[in-house]
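Read the structure below first, then the notes.
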Ligand code: COA
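Numbering (our numbering), first residue to last: 87 to 510.
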């Protein structure tokens, strides 16, 4: 069996944050029923199109293992069907703009009236407060959650990161909230509201930067490169370039081929415990005993010189050779892997972290599989649904509608494609 087998999720999500959450629940075995606007569907189906006529990779890669029902939640018959879905499901997940659920007539009070056991899980841009009514996308959350002000180089612009910490990161937070609420419901029998705000999620991931904000009161942040460079600290946690977030100095260094390959770099950490190994591997054994280099405190003001010396060595090797030479000495290093290298990585294919999926319209494509591995709940990644692919199946076998009702529902326009009546 799968961990969440038997759990029914009414997936009212769109774009990225909500869909990443419900995709995880589907991979853990929940039956995820994605409600989409008739004829339109999740906006991402038509965004960043690479194969004309096919659902985009943006959509397919966020909506595996789900079923899709087309349903107009503002049509009276659509509302009736939606009410039945709420009665039947264990969890309702949504990430509409603030107020949209209320405007559909689905306040928390109304949802509880319909099904007191249901868990209502929402992603919003901000938690309660002055910004609670704002619509929010990924980069806004990265900026509002403290990631941008602490990313980039001290003398450059704030930067956003490629990792979708606002969207996918918040989806992860929400998924944990949902399974926790399901666990509590086992004891109380009651559902509850779960809120994951994108600002909160990003700030949670920037926890170490709020740590540093408070440490500033006690003096300069000595592990930051700017300390060694003699540049005074301001009032707020600064951007730290590629310095590591822990106390161990680290940098991204050039490797052989960097002149032409934008990813011929390695992250190199001069961890105190591995210092002797570093000295040996780069050919500086004298630094092991020289008091000017032998202790972490002595090294802090000289980090630029030390990393320049290490880089002179890494530039003579490929990033993979540096890995091979450093790992046996327990020196923590990490190659800068391109998306091309990751896509071709055999090891990631074997673990199911990169999967090839077949789609009836677009054909084969690569996706990221489930990143969390449960030993007793295997994941099989199946393709995303076509728009409304399971409308009939859900109306009949999940909600138990029979012929007359089905004809009435199809005729109402609540579930799209009126040709269904003819098919009936
Ligand atoms: N049937 C009928 N109407 C539907 C529907 C359905 N099946 N599904 C959605 N709608 C309607 C909504 O009710 C809403 O109508 P309203 O404005 O009259 O209330 C409308 O579609 C648009 O929904 P909305 O969420 O406002 O979409 P948007 O494209 O304007 O905004 C976001 C997109 C992402 C900015 C916004 O949804 C948001 O801020 N979400 C919360 C934060 C979030 O998740 N952001 C990250 C996205 S990756």
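Ideal Cβ positions, reconstructed from N, Cα and C, are used throughout, including at glycine.
Treat the numbers as computed from the prediction; the structure is a model and nothing was measured.
Please say whether residue j and residue i have beta carbons closer to each other than 7 Å?
i           : j           : result
residue 140 : residue 447 : yes
residue 113 : residue 456 : yes
residue 119 : residue 480 : yes
residue 295 : residue 256 : no
residue 501 : residue 467 : no
residue 284 : residue 233 : no
residue 267 : residue 280 : yes
residue 179 : residue 282 : no
residue 359 : residue 382 : no
residue 168 : residue 109 : no
residue 122 : residue 156 : yes
residue 207 : residue 172 : no
residue 386 : residue 305 : no
residue 327 : residue 239 : yes
residue 307 : residue 320 : no
residue 495 : residue 163 : yes
If you drop the 5 nearest sequence neighbours on each side, which residues of the same chain put their C-beta closer than 8 Å to that of residue i?
i           : result
residue 472 : 141, 154, 446 and 447
residue 422 : 338, 349, 350, 351, 352, 353 and 405
residue 340 : 350, 351, 397, 400 and 401
May I ask you to report which of helix, strand or coil DSSP gives residue i?
i           : result
residue 153 : strand
residue 511 : Because the chain is modelled from 87 through 510, residue 511 falls outside the range shown and cannot be assessed.
residue 314 : helix
residue 387 : helix
residue 275 : coil
residue 224 : helix
residue 126 : coil
residue 144 : helix
residue 97  : strand
residue 91  : coil
residue 483 : helix
With a CB to CB cut of under 6 Å and the five nearest residues on each side skipped, what residues in its chain are close to residue i?
i           : result
residue 224 : 250, 252 and 253
residue 329 : 310 and 311
residue 135 : 142
residue 217 : none
residue 27  : Given a span of 87 to 510 for the chain in the structure shown, any question on residue 27 remains unanswerable.
residue 417 : 360, 363 and 364
residue 221 : 183
Which residues in the same chain have their Cβ closer than 7 Å to the Cβ of residue i, if we skip the five residues on either side of it in sequence?
i           : result
residue 424 : 349
residue 409 : 419 and 421
residue 165 : 159 and 191
residue 245 : 234, 237 and 238
residue 439 : 454, 455 and 457
Within 7 Å of any Cβ in chain C, is that where the Cβ of residue i sits?
i           : result
residue 143 : Checking the listed chains, one finds no chain C in this structure; it contains a single protein chain.
Should residue i be counted as a contact of ligand 2 given a C-beta to heavy atom distance under 6 Å?
i           : result
residue 102 : Looking for ligand 2 in the displayed structure turns up nothing; the ligands present are ligand 1.
### Task
Enumerate, from N- to C-terminal direction, the unbroken alpha helix (DSSP H) stretches of 4 or more residues contained entirely within the stretch 188-213.
194-200
### Message
Ignoring anything shorter than 4 residues, give me the alpha helix (DSSP H) runs that lie fully in the stretch 353-403, in order along the chain.
### Response
361-367, 382-385 and 389-400
### Task
Spell out a yes or no on whether the stretch 430-439 and the stretch 384-402 are touching, meaning 3 or more CB-CB pairs, one atom from each, closer than 8 Å.
no
### Task
Answer yes if the stretch 483-502 comes into contact with the stretch 179-195, meaning at least three C-beta pairs across the two stretches below 8 Å, and no otherwise.
no
### Message
I'd like the ranges of any beta strand (DSSP E) spanning at least 3 consecutive residues and lying wholly in the stretch 401-464.
### Response
419-421, 440-445 and 449-454
### Task
Please list the segments of the beta strand (DSSP E) lying wholly inside the stretch 288-340, counting only runs of 3 or more residues, in order along the chain.
336-340
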